[in-house]
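Numbering (the UniProt record's numbering), first residue to last: 1 to 71.
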C-alpha cells in the first residue's frame, strides 16, 4: 500500500503463524570506506549491548541474526 501524510494504519495487525515470504538483508558500503563501516558496526554493537536487538527479536521472532563477521 502507499504511505502518505495523514494515513492511519492503526487497524493493522500481525497474523501469527503465517509466513508470506523470507527476506535476507545486508548493508553494503562504498569500497575503501572504513570510517563508515566502523560507524555502522559501532551502532549495531550498541543496539546489541543496550538490549534493543533482543527486544526486537522477542517482538518479531527470527531464526538468525548475524551481527558478527562470518569467515
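All residues carry an ideal CB built from backbone N, CA and C; glycine is no exception.
query: Backbone CA spacing between residue 42 and residue 50 [nearest angstrom]; result: 12 Å
query: DSSP three-state assignment for residue 41, whether helix, strand or coil; result: helix
query: Outcome for residue 18 when other beta-carbon atoms lying within 10 angstroms are tallied against a minimum of 16; result: exposed
query: Pairwise C-alpha distance: residue 29 and residue 36; result: 8 Å
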